[in-house]
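*Asks:* Counted from 1, the sequence shown has number 55 at position 19 by my numbering; the numbering is strictly sequential. Even for Gly, the Cβ is constructed at its ideal location relative to N, Cα and C. Sharing a structure with you now.
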Amino acid sequence: MTELLTAILARYNAAAGASLRAMVTGMHFSSAPQGSAVPYITVSYPAGTVDSTMANNDHDIFNITFSIWDDASSPSQVLLISDALCALYDNVILTLSTKNVVYANRIAGNLVEDPDKGWAKHVQYEYRVG
């Protein structure tokens with residue numbers, strides 16, 4: 037799992053992630069540090085690992101959730117950031133050092149209003165590690 041998260045962050049920090057980086061103050065694992073400026077992204081893996089051992093298709097599945105947080109009164113910025121995030125991670129293959137490759141497939145996304153203030157967009161990906 038650590039290697040997958042490292043590859044996700046490496047793509048964010050690479051040249052391909054420049055437009056997304058320009059829109060947020062950072063990407064954090066699990067939660068942002070107290071007092072972080074918005075908008076920012078958190079990355080978590082709430083679903084754990086599923087072992088799949090089909091014939092000639094031995095792989096593990098990791099569900100990763102990207103959450104975009106902003107305290108604006110409108111969701112427009114969160115939606116723009118979500119579009120940039122999806123452009124960066126949709127159907128991308130990440131190369132890992134101890135596994136073959138990772139295939140990313142976006143499987144869910146929902147926009148929610150924060151009852152305290154602002155908006156969040158949660159985008160979930162399924163990563164298949166072989």
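Can you find at least 3 beta carbon pairs, one from the region 138–155 and one from the region 52–62, that sit closer than 8 angstroms?
*Replies:* The region 138–155, when compared against the region 52–62, does not touch it at the 8 angstroms Cβ threshold.
*Asks:* Gln70 by DSSP, collapsed to three states: which one?
*Replies:* Within the sequence shown, numbered from 1, the residue matching residue 70 stands at position 34. Here Gln70 sits in coil by DSSP.
*Asks:* Taking the alpha-carbon positions, what's the Ala43 to Ile143 distance?
*Replies:* For this step, residue 43 is matched to residue 7 along the sequence shown. For this step, residue 143 is matched to residue 107 along the sequence shown. If you take the alpha carbons of Ala43 and Ile143, they lie about 19 angstroms apart.
*Asks:* At a cut of 8 angstroms, does the region 104–118 reach the region 152–165 through at least three beta carbon pairs?
*Replies:* The answer is yes - the region 152–165 touches the region 104–118, with three or more Cβ pairs under 8 angstroms.
*Asks:* Once DSSP output is grouped into helix, strand and coil, what is the label at Thr134?
*Replies:* Here residue 134 refers to the residue found at position 98 of the sequence shown. Three-state result, Thr134: coil.
*Asks:* Checking the sheet assignment: what are the DSSP bridge partners for Leu147?
*Replies:* Counted from its first residue, the sequence shown places residue 147 at position 111. For Leu147, which the question treats as bridged, DSSP gives the partners Lys157.
*Asks:* Hey, Leu121 and Val159: beta-carbon distance below 8 angstroms or not?
*Replies:* Reading the sequence shown from its first residue, position 85 is the one you call residue 121. Reading the sequence shown from its first residue, position 123 is the one you call residue 159. Result yes, Cβ atoms of Leu121 and Val159 sit closer than 8 angstroms.
*Asks:* Work out the CA separation of Asn99 and Glu39 for me, nearest whole Å.
*Replies:* Along the sequence shown, one-based indexing puts residue 39 at 3. Along the sequence shown, one-based indexing puts residue 99 at 63. So the alpha carbons of these two residues sit roughly 14 angstroms apart.
*Asks:* By the three-class DSSP mapping on this structure, what secondary structure does Asn92 have?
*Replies:* Walking along the sequence shown from the start, residue 92 turns up at place 56. Caution applies to Asn92, whose pLDDT of 47 falls short of 50 and renders its modelled position unreliable; the model cannot decide the point.
*Asks:* Need the endpoints of the beta strand (DSSP E) that Ser110 sits in, please.
*Replies:* Your numbering for residue 110 matches position 74 in the sequence shown. Element bounds for Ser110: n/a, residue is neither H nor E.
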